[in-house]
Amino acid sequence: MDHFEYKNGHLSAEDVKLGSIADEIGTPFYAYSTATLTRHYQIFADALHGMNALVCFAVKANSNIAVLRLLAGLGAGADVVSGGELTRALKAGIPASKIIFSGVGKTDEELSLALSIGIRQINVESVPELEAISRIASANGVVAPIALRINPDIDAGTHAKITTGTLENKFGIEWTLAHEIYSRANQMPGIEVKGLAMHIGSQLHDLEPFRKAYERMGDLVAMIRKDGLSIETLDLGGGFGIPYGDETAPMPNVEEYAQIVRETLGGLGVEYIFEPGRVIAGNAGVLVSSVIYVKEGSSKTFVIVDAAMNDLIRPTLYGAYHEIVPVDDPGKDVDMIEADIVGPICETGDTFVKSATLPRPEPGDLLAVRTAGAYGAVQSSTYNTRPLVAEVLVDGDKFHVIRPRLGVEEIISRESIAPWQSTD
Ligand code: LLP
0 MDHFEYKNGH
10 LSAEDVKLGS
20 IADEIGTPFY
30 AYSTATLTRH
40 YQIFADALHG
50 MNALVCFAVK
60 ANSNIAVLRL
70 LAGLGAGADV
80 VSGGELTRAL
90 KAGIPASKII
100 FSGVGKTDEE
110 LSLALSIGIR
120 QINVESVPEL
130 EAISRIASAN
140 GVVAPIALRI
150 NPDIDAGTHA
160 KITTGTLENK
170 FGIEWTLAHE
180 IYSRANQMPG
190 IEVKGLAMHI
200 GSQLHDLEPF
210 RKAYERMGDL
220 VAMIRKDGLS
230 IETLDLGGGF
240 GIPYGDETAP
250 MPNVEEYAQI
260 VRETLGGLGV
270 EYIFEPGRVI
280 AGNAGVLVSS
290 VIYVKEGSSK
300 TFVIVDAAMN
310 DLIRPTLYGA
320 YHEIVPVDDP
330 GKDVDMIEAD
340 IVGPICETGD
350 TFVKSATLPR
360 PEPGDLLAVR
370 TAGAYGAVQS
380 STYNTRPLVA
390 EVLVDGDKFH
400 VIRPRLGVEE
410 IISRESIAPW
420 QSTD
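The structure is reproduced here in C-alpha cells:
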C-alpha cells in the first residue's frame with residue numbers, strides 16, 4: 000500500500016495534490032511520500048522482530064539526503080557502494096557505526112575515507128581488495144572491520160542485468176573458496192573479520208533462491224566455526240521484489256522472507272544485517288510529467304510526455320513495466336485510447352509503455368508514472384541536454400523541493416572551450 004490516492008478526483012501524494020506541485024515547479028518531477036517510506040521501512044523492520052537485526056537501506060535505490068535523513072530518523076543504517084554515497088549517508092545523519100560499504104571496485108581513496116570515519120563494516124569482494132584494505136589499514140594504524148561477500152552461485156531468477164549471485168557475475172568471492180580465504184583474512188594485519196555477506200540480485204519475486212543461498216551461507220558458517228574462527232555478523236543483502244502492476248503471480252511478503260531467514264540462519268547468535276532498497280523506496284515515489292502532444296498515426300497513437308528515458312531509464316534498460324495513470328481522474332464516460340507513452344528523446348527506446356490503454360489525454364494533462372521511488376531519480380541524467388529532473392518530498396499537507404531542477408545554463412556552465420580553440 001502507498002499514499003498516492005485520488006482525493007476529490009485528483010491524484011495526491013498524502014494530502015498534497017500532485018497538480019499543485021506541478022503548478023509551482025513545473026514538470027517532470029519525482030514526488031516521494033514520507034508516510035509510505037516510513038510504512039515500508041517499518042513493515043520490513045517489524046518482520047525481523049526478535050532477531051538481532053540492523054536494516055541498512057541500500058542508498059543506491061534513492062540517495063537524496065532528505066530520504067536518507069528520514070530513514071535515519073527511523074533507525075536505518077546505510078549500505079553504500081561509493082565514496083560519494085558514503086559522504087551522502089554521513090551528511091544525512093546516518094552514523095558511521097551503521098554504514099556498510101559494498102562494491103567490487105573500491106579505490107584506495109574510498110577505502111581510506113571509509114576507514115577514517117570509522118565505518119562499521121567493509122564487505123570485501125576479492126582477495127586483491129582484502130590485501131589493499133590490509134595495507135591501507137596498517138599504514139594508518141587502524142584495524143578494518145570486514146566481512147567476506149560470498150558468491151553462492153545461486154541464480155536469483157531475475158533480470159540478467161540485476162542478477163549478482165552466480166559465478167558468471169563479477170560479485171563476491173566464490174563460496175567454495177570462502178572458507179580458506181576467511182582463515183587467511185584472520186591472519187592478515189589490519190584486518191578484523193566480522194563475518195560473511197551476500198547479495199544475489201534485485202527484484203526477486205521468488206523466495207526460493209534466497210533460501211538456497213542462505214542455506215549455503217549456513218553451511219559455510221558451520222565450516223568456519225569448526226576451525227575455531229568467530230563469525231559475529233551475517234549480511235543477507237537486499238533484493239526483495241515489489242509489484243509494478245503487471246504481475247501474473249502474487250509477490251512474496253516480507254514475513255515469509257523473514258521466516259526463511261529464521262529457518263536457514265536463525266539461532267546462530269550473530270547480528271543480521273539487511274540491505275533492502277527497492278522494497279522501501281519503490282512504491283514511495285511517482286514521476287509526474289505533462290502531455291506535450293497526442294500524435295495519431297495510421298497504425299499507432301503516441302502520447303508524447305515531457306519526461307523521458309533520461310529521467311527514468313528502467314523501462315528501456317531492463318524492459319521494466321511501470322503503471323502510468325492520469326493525475327486527474329477522468330471519471331467514467333471517457334474516450335479510452337490505446338497508445339504508446341513516449342518521451343521526447345531521439346531514440347526509439349525512449350518509450351515508457353507500449354500499447355497502454357488510457358483515457359484520451361489533452362496536451363497539458365498530467366500523467367503519473369507509479370512505483371518510481373527506487374532506481375528512478377538516482378539513475379537520471381541530462382542526456383539530450385535536458386534539465387536534470389527535480390525531486391520533492393511530501394509529508395502530510397507539506398511539500399519541499401529536495402532537489403531543484405538543474406537547468407540548461409547550469410549544465411552547460413561546467414563546460415569550457417579549450418584555449419587552442421580560437422573563436423575568431
Ligand atoms: N545490496 C547490494 C550489495 C546491492 O548491490 C543492491 C542492489 C542492494 C543491496 C539493494 O537491492 P534491492 O533491495 O533494491 O533490490 N537499477 C536496477 C537495480 C540495481 C540493483 C543493484 N544492487 C533497477 O532499476 O532495477
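Counting in numbering that gives the first Met the number 0, the sequence shown runs without a single skipped number right up to 423 at its last residue.
Glycine residues also receive a C-beta, built at the ideal position from the N, C-alpha and C atoms.
Taking 8 Å as the line, does the beta carbon of residue i fall inside it for any heavy atom of the ligand LLP?
i                 : result
threonine 163     : yes
histidine 198     : yes
leucine 286       : no
proline 275       : yes
valine 407        : no
phenylalanine 209 : no
glycine 237       : yes
arginine 313      : yes
tyrosine 317      : yes
aspartate 424     : Residue 424 cannot be examined here, being either before or after the span of the chain that is shown, 0 to 423.
tyrosine 424      : Since the displayed the chain opens at 0 and closes at 423, residue 424 lies outside it and no answer follows.
glutamine 120     : no
glutamine 186     : no
serine 62         : no
alanine 57        : yes
serine 81         : no
valine 278        : yes
serine 111        : no
glutamine 202     : yes
aspartate 78      : yes
histidine 158     : yes
serine 182        : no
serine 19         : no
serine 379        : no
serine 101        : yes
What whole-angstrom Cβ distance do residue i and residue j have, given they're in contact under 8 Å?
i              : j            : result
valine 368     : leucine 311  : 6 Å
isoleucine 230 : leucine 195  : 7 Å
valine 260     : proline 360  : That belief does not hold up - the Cβ atoms of valine 260 and proline 360 are roughly 45 Å apart, past 8 Å.
arginine 183   : proline 144  : Incorrect: roughly 17 Å between the Cβ atoms, too far for contact.
isoleucine 291 : proline 358  : At roughly 17 Å, the Cβ-Cβ gap does not stay under 8 Å, so isoleucine 291 and proline 358 are not in contact.
serine 137     : proline 188  : 5 Å
valine 326     : leucine 10   : 5 Å
valine 321     : tyrosine 243 : The sequence shown places histidine at residue 321, not valine. Confirmed, Cβ separation roughly 6 Å.
glycine 117    : alanine 146  : Not quite, the Cβ-Cβ distance comes to about 16 Å (not below 8 Å), so this is no contact.
Determine the contact status of residue i and residue j, defining contact as a CB-CB distance below 9 Å.
i              : j              : result
valine 341     : valine 388     : no
isoleucine 180 : isoleucine 132 : no
leucine 219    : proline 27     : no
proline 151    : alanine 60     : no
arginine 39    : alanine 319    : The sequence given here has histidine at residue 39, not arginine. Contact flag unset, no.
leucine 267    : leucine 233    : yes
glycine 156    : threonine 162  : yes
glycine 74     : isoleucine 99  : no
leucine 110    : isoleucine 121 : yes
valine 324     : aspartate 339  : no
leucine 264    : glycine 217    : yes
isoleucine 172 : glutamate 124  : yes
histidine 198  : serine 81      : no
glutamine 202  : histidine 158  : yes
valine 269     : alanine 355    : no
Starting from the C-beta of residue i, find all residues in its chain whose C-beta is less than 7 Å away, skip the five residues before and the five after it, and write them out in chain order.
i                : result
valine 407       : Thr384, Pro386
threonine 35     : Asp1, His2, Asn282, Ala283
alanine 91       : Ile64, Leu67, Arg68, Ala71
serine 380       : Asn309
glutamate 255    : Leu206
serine 62        : Glu84, Arg87, Val377
alanine 373      : Ala60, Asn61, Gly276, Arg277, Ala280, Gly281
phenylalanine 43 : Val54, Val253, Pro275, Val278, Ile279
Just to confirm my understanding: we take residue i, look at its own chain, exclude 5 residues before and 5 after, and list those with CB closer than 6 Å. What are they?
i             : result
proline 251   : Leu206
threonine 315 : Met308, Gly348
aspartate 328 : Tyr5, Gly8
alanine 46    : Val253, Glu254, Ala257
alanine 52    : Tyr271
serine 464    : Residue 464 cannot be examined here, being either before or after the span of the chain that is shown, 0 to 423.
serine 32     : His2, Ala12, Glu13, Ala283, Val393
threonine 350 : Asp339, Val341
Between residue i and the rest of its own chain, which residues show a CB-CB distance below 8 Å, the 5 nearest in sequence each way excluded?
i              : result
alanine 248    : His204
asparagine 168 : Asn150, Thr162
glycine 104    : none
Shorter than 9 Å from the beta carbon of residue i to some beta carbon of chain B?
i             : result
aspartate 327 : In the displayed structure, chain B is absent; only one protein chain is listed.
Within the present structure, is the beta-carbon of residue i separated from the nearest heavy atom of the ligand HEM by less than 8 Å?
i             : result
glutamate 130 : The ligand content of the structure shown is limited to the ligand LLP, which means the ligand HEM is not among them.
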